[in-house]
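Numbering (our numbering), first residue to last: 19 to 353.
Positions of the beta carbon are idealized from the N, C-alpha and C atoms, including for glycine.
All values derive from a computational prediction rather than experimental measurement.
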Ligand code: SF4
């Protein structure tokens with residue numbers, strides 16, 4: 019497969035010798051303090067990798083040559099200029115590079131730097147079609163206007179733009195309005211995902227949709243897809259439990275792991291949603307961990323035991339230990 023814009027060869031899944039994708043959290047800090055933040059961003063439980071270490075890990079990612087890299091956090095853009103250096107290096111040595119942001123620090127200069135560096139998709143969160151819905155969840159007055167401004171500028175700059183949203187009892191009736199709003203703004207994808215009762219989201223169970231409301235939402239989504247989807251715009255639903263069940267099955271079929279997850283403190287985790295860490299990029303390289311067993315991590319006995327007891331996202335707030343609270347299960351792939 020070729021990326022037409024850069025005429026660069028992008029590996030297909032079958033051609034990858036390492037993970038197909040890498041999620042790299044480059045900070046746990048955030049200028050927001052959202053009520054539903056699943057990884058407690060902004061609470062500074064962990065010490066972020068410093069700039070030199072970020073560059074070192076970036077080189078480790080390049081060595082694995084994944085097809086896609088997602089920079090996330092916290093709010094990645096508050097790391098400042100080092101972000102552009104990282105993106106440049108990744109964009110020249112890996113496939114596509116995506117950025118997840120709350121949009122609050124985006125302006126024309128930031129977008130120009132990101133464009134030159136080689137970002138492909140910018141994902142911006144938006145929790146409804148009007149300020150009250152978004153600002154209420156984000157606990158920030160003006161957050162809605164910031165997100166809309168960031169979306170508008172990113173589209174104008176020619177980025178592929180995705181908008182993410184967690185439907186809840188607050189905003190469930192505004193999903194069509196949101197769909198229409200972002201499509202009119204020129205967004206390429208609306209990504210909906212369930213509210214995860216994890217991190218600060220643990221206290222949101224009163225806003226989480228009930229099973230019958232989820233069913234209704236799924237039916238509505240099918241209608242929205244028919245009504246709004248076209249060659250330039252898609253509506254998608256992301257189930258955070260899906261990969262937890264799919265990946266062990268892949269392992270049984272002799273397929274390698276699909277992705278690697280690097281936390282902002284350099285810990286290598288199995289999944290964003292699991293309290294299991296298997297290494298530290300400050301000690302060994304990603305390639306060493308990959309070869310030492312990460313590529314078959316979903317077949318690991320301890321990982322399987324944890325997953326086998328999960329069957330619903332409702333359980334995330336009752337399971338112990340919990341991720342992002344400094345009490346992870348440690349599995350040492352390299353002893
Ligand atoms: S949800 Fe995103 S914007 Fe909100 S506190 Fe967490 S990382 Fe920051």
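- As the crow flies, the alpha-carbon of residue 49 is around 20 Å from that of residue 172.
- DSSP places residue 280 in the uninterrupted beta strand (DSSP E) bounded by 277 to 280.
- Counting along the chain, residue 207 sits inside the beta strand (DSSP E) bounded by residues 207 to 210.
- Per the coordinates, the alpha-carbon of residue 204 lies some 42 Å from the alpha-carbon of residue 311.
- Bounds of any beta strand (DSSP E) do not take in residue 57, whose DSSP letter is neither H nor E.
- With a minimum length of 4 residues, the unbroken runs of alpha helix (DSSP H) contained wholly in the region 32 to 113 fall at 69 to 82, 100 to 111.
- Taking a C-beta distance under 8 Å as the contact criterion, residue 299 and residue 284 qualify as a contact pair.
- Its chain contains 187 as the residues whose beta carbon lies nearer than 8 Å to that of residue 224, once the 5 sequence neighbours on both sides are disregarded; these appear in chain order.
- Between the alpha carbons of residue 350 and residue 296 lies a gap of roughly 5 Å.
- With respect to residue 43, residue 90 sits close: the two C-beta atoms are nearer than 8 Å.
- If one requires a minimum length of 3 residues, the beta strand (DSSP E) runs lying completely within the region 144 to 226 are 178 to 183, 207 to 210, in chain order.
- In its chain, beyond the 5 residues on either side, 135, 136 have a beta carbon closer than 7 Å to the beta carbon of residue 106.
- Put simply, the backbone Cα of residue 279 is about 25 Å away from that of residue 131.
- If you measure from each CB to the nearest heavy atom of the ligand SF4, the residues under 6 Å come out as 48, 50, 51, 52, 55, 59, 60, 91, 92, 93, 120.
- For residue 343 and residue 234, the gap between their C-alpha atoms comes out near 34 Å.
- Judged by DSSP secondary structure, residue 308 falls outside any beta strand (DSSP E) and instead within the alpha helix (DSSP H) spanning 304 to 310.
- The criterion of a C-beta distance shorter than 8 Å is not satisfied by residue 180 and residue 148.
- Scanning its chain for C-beta atoms nearer than 8 Å, with the 5 sequence neighbours on each side dropped, one finds around residue 339 the residues 293, 345, 346, 347, in chain order.
- Where residue 230 is concerned, the enclosing alpha helix (DSSP H) starts and stops at 229 to 246.
- Residue 60 places its beta carbon 8 Å or farther from that of residue 86.
- Here residue 229 is exposed, its C-beta having fewer than 16 other C-beta atoms within 10 Å.
- Your pair residue 192 and residue 141 does not check out as a contact, with CB atoms roughly 19 Å apart and the cut at 8 Å.
- Short of 6 Å from the beta carbon of residue 177, and not among the five residues preceding or following it, lie these beta carbons of its own chain, in chain order: 140.
- Taking 8 Å as the cut-off, the Cβ atoms of residue 211 and residue 184 count as close.
- No Cβ-Cβ contact shorter than 8 Å links residue 226 with residue 53.
- Taking the Cα positions, residue 328 is about 37 Å away from residue 168.
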